[in-house]
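>
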Amino acid sequence: MSAQVSTERPVGRIARSTVPQDTVTLARWLLGLVLIGKVHGVQVSGRIVETEAYLQHEPACHGFRGMTPRNRSLFLEHGRAYVYLCYGTSYMLNVSSEAAGIGSGVLLRALEPLTGIEQMRRGRTHVRPADVTRGPGRLAAAFHIDRRDDGRDLFTDSQLWIGRDSYEVADVGVSVRIGITKAVEERLRFFVAGSRFLSGPRSLNAG
DNA sequence: TCGCGGATGAACT
DNA sequence: GTTCATCCGCGAG
């Protein structure tokens, strides 16, 4: 099958009032939207093609044991960035997903690069262009996302935000989540079916 | 394409 | 001291 590749289209702001306030709904709704960032003053962007939902009531979720200094952004109202360092090497970008006080969120796992590809690859020229935003750690590295971005409002921020263009997702795929050790059976990973820019083993990206 | 092992650092128990 | 939602390079098939 031929993977559809999106072309450049004008990206606009999304009214906060239209952002879903339910974790699984938000995880699916984010697919096809565009993440915009800035690297050394240059705008970079990519289409969201893969997300995972993390619900506070399950042990795989960072909010499971309640609020701590690290995860407090997860408990803000929906649409805030929760950024943390994983394995000492990779930052993860999440979107808080429920009302204030509830520690659920959506992990952004992969983007299809749209603009600023060479900027994203700066200093990582050994990474193939198609791989530069494949995987949550590489996505954050490409956008230079770190703990300073923690807490940003991703629908009103000027440096790091989520917008929308005319692209519409045809088919959404569902699978188990990747890389976790708890609640491994939950099917809470969502992706743009057929995208060439997904992370994880091929077997998870079919159907 | 896959599976494996090491690197890595901050938060948490 | 343990945990961890990863990445990279390597070698086998």
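Using the working numbering, the first residue of the first sequence is number 225, and each one after it goes up by one. All C-beta atoms, glycine included, are put in the ideal place defined by N, C-alpha and C.
For residue 276, write down the residues that DSSP places opposite it in a beta bridge.
Working through the first sequence from its first residue, we reach residue 276 at position 52. In DSSP, residue 276 forms a bridge with 331 and 413.
> I'd like the ranges of any beta strand (DSSP E) spanning at least 3 consecutive residues and lying wholly in the segment 250-330.
258-263, 266-278, 305-310 and 314-320
> DSSP on residue 398, reduced to helix/strand/coil?
Locating residue 398 in the first sequence gives position 174, where the first residue counts as 1. Of the three classes helix, strand and coil, the one that applies to residue 398 here is strand, per DSSP.
> Look up residue 226 in the DSSP assignment and say whether it is helix, strand or coil.
Position 2 of the first sequence, counted from the first residue, corresponds to residue 226. Low confidence applies to residue 226: its pLDDT is 42, below 50, so where it sits in the model is not reliable, and the reading given next is rough at best. Coil.
> Quick check on residue 307: buried or exposed, where buried means 16 or more other Cβ atoms within 10 Å of its Cβ?
For this step, residue 307 is matched to residue 83 along the first sequence. The residue is buried, with at least 16 neighbouring Cβ atoms inside 10 Å.
> Could you tell me the distance, in whole angstroms, from the CA atom of residue 412 to the CA atom of residue 282?
The residue you call residue 412 lines up with position 188 of the first sequence. The residue you call residue 282 lines up with position 58 of the first sequence. About 12 Å.
> Kindly provide the ranges of any alpha helix (DSSP H) runs that are 4 or more residues long and lie completely inside the segment 335-361, ordered along the chain.
341-344
> Tell me whether the segment 395-402 and the segment 301-318 touch, counting them as touching only if at least three CB pairs, one residue from each stretch, are closer than 8 Å.
no
> Name the DSSP bridge partner or partners of residue 386?
If you number the first sequence from 1, residue 386 lands on position 162. Residue 386 is bridged to 259.
> Would you report the Cα separation of residue 243 and residue 235, rounded to the nearest angstrom?
Counted from its first residue, the first sequence places residue 243 at position 19. Counted from its first residue, the first sequence places residue 235 at position 11. Between residue 243 and residue 235, the C-alpha separation is close to 16 Å.
> Can you tell me which of 387, 332 and 252 puts its alpha carbon nearest to the alpha carbon of residue 239?
Here residue 239 refers to the residue found at position 15 when the first sequence is read from its first residue. Answer by Cα proximity: 387.
> Quick one: using the 10 Å Cβ neighbour count with 16 as the cut-off for buried, is residue 349 buried or exposed?
Here residue 349 corresponds to residue number 125 of the first sequence, with the count starting at 1. It counts as exposed.
> Go ahead and label residue 273 buried or exposed: buried means 16 or more other beta carbons lie within 10 angstroms of its beta carbon, across all protein chains shown.
Mapped onto the first sequence, residue 273 falls at position 49. Burial call: buried.
> Within 10 angstroms of the Cβ of residue 337, are there 16 or more other Cβ atoms? Answer buried if so, exposed if not.
Within the first sequence, numbered from 1, the residue matching residue 337 stands at position 113. Result: buried.
> According to DSSP, is residue 373 part of a helix, a strand, or is it coil?
In the first sequence, counting from the first residue as 1, residue 373 sits at position 149. Helix at residue 373.
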